[in-house]
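Down below is the structure, laid out as structure tokens.
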Amino acid sequence: MAVSDADFYVEQGEIVGLIGPNGAGKTTLFNLISGALSSDKGKITFKGEDITDLKPHQINRRGMARTFQTTKLFADMTAFENVRLALLYGNPDRTIRRREAKREVTKLMASVGLLSDRNKPIRDLSLATQRRVEIARALASNPDLLLLDEVMAGLTPNELSQAMQLVTQLRERGTTIFMIEHVMRAIMEVCDRIIVFHYGSKIAEGSPSEVANDQTVNQIYLGN
Amino acid sequence: MLISTIFAKRKLAMGLMVVTLLALLLAPQFLSGRSMVTLLTILMYVILTLSWTMFSGPTRLVSLATAALFGMGVYTSAAFEGALPLPVIVAIGALLSLVLALLIGVLTLRLRGVYFILFTFGVSALVRNVVQYWEARVSLTVGRHVPGLPNETLYYYAVAIFALTILAAFLLRDTSLGMALAGIGDNEDAAAHIGIDVTRAKVFTFAGSAIFMGAIGAVMASRFRYIEPAIAFNPLISFLPVLMAIFGGVTRLWGPILGAVIFTLLQHFLITEYPYVYLLIFGLTLIAVIAYLPGGLAEISERNYYKLKGKYLFRKFWLTMKYREWRDRREWRDI
């Protein structure tokens, strides 16, 4: 069982970080929350509603969006088309006209710094830019909760600061963020609260400084 | 191939389609009876290929259920034996084909890749065998006769179905459903996570495309005259549209159409001219196309673009080199 003892919550407006060694079950947890995997036990509630048995598209339409550890973009489309598709399908309670969609997507892409890359095919974009497209695509469905799975891994220092800036920007917009991250600098600076995972269970939780000084966490990470 | 390019060329394509339809409607005035039969066969394959591409093109799920869905229409026609007027029979055939496709769709929801291909192929075989069993054991009549109708009548029905098919294909490309299908084919997980009901989109399109297969099946029954399971559910009907679509290329709407037309003509020509080596030449042509044009005929138009771009880049490179040579020589001279 990849995830067995994970009892936690994410408050509205928070940025919560999820850390843990490789194979701790972080991504599996994300897959359970977003509906990519179904859980055989336990309960997941979102905005007061039980979403344990819902499918990914139903969860998305209730206001949750995510990115993937290895980016899952529509490789045969442009960045713009990726985001537009999410805009059209992620907002079921709205009818969006073609021109309206174009305007909205352009605005959204500009806000995450993708304006100049919007008409390029995905395969021509750098990893950092692809991650940005994925974030833009997730934002297109206007989520209340955004799950970010290692969006900062493998970025250059410059790209990293930009990515951190973007995450903080998202919070100001009112989006709650739950993120898996290995880059400690990012986690410590950006998160309000951190949850530590090990062997599929939560072993610690608290503010960045609390977690950094936690004995068990240090033992797992540093082995002393 | 980017979807926005299709939108840009929409008007031209629409115009071409209207011209083609008008030409098809006027064709019987100028054609001999035999050429009209050929044209009818071509239309049949165009409709099958086009409706196959509607679902399998964007989703990249290769369906081999075409024979079952087409045969459903053929058998509907055979079952009524001319007791009802043709439009009603065509409608019932289309409807039954839709129902069968819904059933197949619901059963194959979770299958991807080669499992989907095998399952749909299996379904075709199953349907054929069930009908065969029924005829041998229950109804005790193997084979049926369908009252023939004038070829011209059948031809006009085929043109009408073709017009509806092409219209549906256009609409599918143009609406968000078409884009959603392309997204599903590209990355199904991602599609599900941005709010696309993957199952519904797939089943809806698969069932929708079956309408046209069933309709043309019901029309063609009157052309076949004698129907038995091996004829109605001929596995070739499953394979040929796939080959035709690959031959023409599925990235453009005209790809499958052109593929079906050329393929059928080639087949006719080879059968009549070289009956003994027909399959040999046919196979070689197919291998050549797949080896040199993996994107089908539709790729040629894109390849030209890259060739031009290549020429441009080469010229730029060449000029840069010339300039450097000239600059270096001048520097030497200055010393």
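Those protein sequences? They're chains A and B, same order as listed.
For the record, in the first sequence the residue sitting at position 119 is 119 according to the working numbering, with numbers rising by one throughout.
Position in the second sequence (from 1) plus 224 gives the number in the working numbering.
Just so it is clear, CB atoms sit at the ideal spot from N, CA and C, and this is done for glycine as well.
Source: prediction; values computed, not measured.
Neighbour flag for residue i against chain A, beta carbons, 7 Å
{"i": "residue 398(B)", "result": "no"}
{"i": "residue 238(B)", "result": "no"}
{"i": "residue 425(B)", "result": "no"}
{"i": "residue 407(B)", "result": "yes"}
{"i": "residue 278(B)", "result": "no"}
{"i": "residue 420(B)", "result": "yes"}
{"i": "residue 562(B)", "result": "What is shown of chain B runs 225 to 559, which leaves residue 562(B) out entirely."}
{"i": "residue 369(B)", "result": "no"}
{"i": "residue 375(B)", "result": "no"}
{"i": "residue 492(B)", "result": "no"}
{"i": "residue 231(B)", "result": "Unreliable positioning characterises residue 231(B) in this predicted model, as indicated by a pLDDT of 49, which lies under 50. The coordinate reading is nonetheless provided below. Output row for residue 231(B): interface = no."}
Chain B contact for residue i (CB, 7 Å cutoff)
{"i": "residue 143(A)", "result": "no"}
{"i": "residue 72(A)", "result": "yes"}
{"i": "residue 139(A)", "result": "no"}
{"i": "residue 31(A)", "result": "no"}
{"i": "residue 93(A)", "result": "no"}
{"i": "residue 90(A)", "result": "yes"}
{"i": "residue 170(A)", "result": "no"}
{"i": "residue 66(A)", "result": "yes"}
{"i": "residue 85(A)", "result": "yes"}
{"i": "residue 76(A)", "result": "yes"}
{"i": "residue 61(A)", "result": "yes"}
{"i": "residue 157(A)", "result": "no"}
{"i": "residue 56(A)", "result": "yes"}
Proximity winner among the options, relative to residue i (alpha-carbon distances)
{"i": "residue 325(B)", "options": "437(B), 356(B), 335(B)", "result": "437(B)"}
{"i": "residue 378(B)", "options": "509(B), 418(B), 444(B), 417(B)", "result": "444(B)"}
{"i": "residue 296(B)", "options": "274(B), 311(B), 321(B), 309(B)", "result": "321(B)"}
{"i": "residue 421(B)", "options": "359(B), 386(B), 333(B), 432(B)", "result": "333(B)"}
{"i": "residue 85(A)", "options": "102(A), 116(A), 71(A)", "result": "102(A)"}
{"i": "residue 465(B)", "options": "488(B), 448(B), 450(B), 446(B)", "result": "488(B)"}
{"i": "residue 7(A)", "options": "15(A), 33(A), 126(A)", "result": "33(A)"}
{"i": "residue 331(B)", "options": "448(B), 423(B), 298(B), 397(B)", "result": "423(B)"}
{"i": "residue 439(B)", "options": "402(B), 380(B), 413(B), 476(B)", "result": "380(B)"}
{"i": "residue 255(B)", "options": "347(B), 277(B), 375(B)", "result": "375(B)"}
{"i": "residue 367(B)", "options": "463(B), 509(B), 512(B), 298(B)", "result": "298(B)"}
{"i": "residue 133(A)", "options": "54(A), 114(A), 173(A)", "result": "114(A)"}
{"i": "residue 25(A)", "options": "210(A), 221(A), 199(A), 209(A)", "result": "199(A)"}
{"i": "residue 64(A)", "options": "195(A), 106(A), 56(A)", "result": "56(A)"}
{"i": "residue 290(B)", "options": "357(B), 301(B), 275(B)", "result": "275(B)"}
{"i": "residue 15(A)", "options": "166(A), 177(A), 205(A)", "result": "177(A)"}
{"i": "residue 448(B)", "options": "264(B), 247(B), 238(B), 242(B)", "result": "264(B)"}
{"i": "residue 190(A)", "options": "161(A), 125(A), 122(A)", "result": "161(A)"}
{"i": "residue 12(A)", "options": "173(A), 100(A), 125(A), 23(A)", "result": "173(A)"}
{"i": "residue 4(A)", "options": "202(A), 221(A), 110(A)", "result": "202(A)"}
Cβ-based burial, residue i [other Cβ within 10 Å; buried from 16]
{"i": "residue 163(A)", "result": "buried"}
{"i": "residue 20(A)", "result": "buried"}
{"i": "residue 216(A)", "result": "exposed"}
{"i": "residue 293(B)", "result": "buried"}
{"i": "residue 417(B)", "result": "buried"}
{"i": "residue 492(B)", "result": "exposed"}
{"i": "residue 441(B)", "result": "buried"}
{"i": "residue 119(A)", "result": "exposed"}
{"i": "residue 478(B)", "result": "buried"}
{"i": "residue 371(B)", "result": "exposed"}
{"i": "residue 28(A)", "result": "buried"}
{"i": "residue 40(A)", "result": "exposed"}
{"i": "residue 269(B)", "result": "buried"}
Anticipated Cβ contact below 8 Å, residue i with residue j, distance rounded
{"i": "residue 173(B)", "j": "residue 453(B)", "result": "The structure shown does not extend to residue 173(B), since chain B spans only 225 to 559, so no value can be given for it."}
{"i": "residue 483(B)", "j": "residue 273(B)", "result": "6 Å"}
{"i": "residue 429(B)", "j": "residue 279(B)", "result": "5 Å"}
{"i": "residue 144(A)", "j": "residue 129(A)", "result": "That pair is no contact at about 26 Å."}
{"i": "residue 170(A)", "j": "residue 30(A)", "result": "At roughly 17 Å, the Cβ-Cβ gap does not stay under 8 Å, so residue 170(A) and residue 30(A) are not in contact."}
{"i": "residue 425(B)", "j": "residue 405(B)", "result": "6 Å"}
{"i": "residue 507(B)", "j": "residue 471(B)", "result": "Incorrect: roughly 12 Å between the Cβ atoms, too far for contact."}
May I ask you to list, following chain order, the residues of the stretch 34-48 of chain A that have a beta carbon less than 7 Å from some beta carbon of chain B? 34, 36
Along the stretch 447-475 of chain B, what residues have a CB closer than 8 Å to any CB found in chain A? none
When Cβ atoms are compared, which residues of the stretch 501-526 of chain B fall closer than 7 Å to chain A? none
Residues within the stretch 325-349 of chain B neighbouring chain A, beta-carbon criterion of under 9 Å: none
Return the residues of the stretch 9-32 of chain A that lie within a Cβ-Cβ distance of less than 9 Å from chain B, sorted by chain order. none
Residues from the stretch 176-197 of chain A in contact with chain B, defined by Cβ distance under 7 Å: none
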